[in-house]
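For the record, in the sequence shown the residue sitting at position 16 is 91 according to my numbering, with numbers rising by one throughout. Notes follow the structure.
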Amino acid sequence: MAERPVTLRLPNCADTSAVAVVVERALPSRALRAGVALAGLWGAGLVCVFIPVLHFVLVPTLAILGPVIAVLRLTERVSLVEVRGACPRCLVARRFEASGRFKDGRALHCDGCGNDIDVRVDAMVRPVTSATS
Ligand SMILES: [Zn+2]
């Protein structure tokens, strides 16, 4: 796991700085996650063949969803685990649990004030997107 500085932004509030905990995944790790997702969804689709009536909806949905989720997992180079910092409105230091792709403009929910905070990746440390690995 690695840490990256980010800025938490909320309209009509002063920005606060925070630290994002991220997991950087190499191609073998991403391929494994993609394969597990594809196998799981297609396996569930196979099981759903035996459910009367619902199989008309579930099997095609899971068959299409499998490759879509696999491609999303395969292209997720950096995953966000959590963000530690002060909410711009509450000004209370918190840990914001998160999951999924780490990218500029992600929204985090503050349990204290109920607002959705924008996570801005600082320009100097924005992750490099290249065609390799
Ligand atoms: Zn808040």
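We treat Cβ as the ideally placed atom computed from N, Cα and C, and that holds for glycine. Here the structure is a predicted model, which is why all the values come from computation and not from measurement.
Compute the distance between the beta-carbons of residue i and residue j, then report whether it is under 8 Å.
| i | j | result |
| --- | --- | --- |
| Ala109 | Leu149 | yes |
| Gly160 | Ser92 | yes |
| Arg84 | Ile192 | yes |
| Leu121 | Pro142 | no |
Assign residue i to one of two classes, buried (16 or more other C-beta atoms within 10 Å of its C-beta) or exposed (fewer than that).
| i | result |
| --- | --- |
| Glu151 | buried |
| Val81 | buried |
| Ala206 | Unreliable positioning characterises Ala206 in this predicted model, as indicated by a pLDDT of 48, which lies under 50. A coordinate reading is not provided. |
| Leu129 | exposed |
| Val111 | exposed |
| Phe97 | Reading the sequence as shown, one finds Val at residue 97 and not Phe. By the 10 Å Cβ count, Val97 comes out buried. |
| Ala145 | buried |
| Pro163 | buried |
| Ala95 | buried |
| Leu77 | In the sequence as presented, Leu is not what sits at residue 77; that position holds Ala. Under this definition Ala77 is an exposed residue. |
Suppose you measure from the CA of residue i to the CA of residue j; what does that come to, to the nearest Å?
| i | j | result |
| --- | --- | --- |
| Arg195 | Cys123 | 42 Å |
| Pro127 | Ile139 | 20 Å |
| Thr136 | Ala119 | 11 Å |
| Phe171 | Gly189 | 12 Å |
| Asp197 | Leu116 | 36 Å |
| Cys185 | Cys165 | 9 Å |
| Val132 | Phe177 | 32 Å |
| Cys88 | Arg169 | 17 Å |
| Ala101 | Phe125 | 38 Å |
| Ala173 | Val134 | 30 Å |
Can you round the beta-carbon distance between residue i and residue j to whole angstroms, since I take them to be within the 8 Å contact cut?
| i | j | result |
| --- | --- | --- |
| Val158 | Leu183 | 6 Å |
| Gly187 | Val167 | 6 Å |
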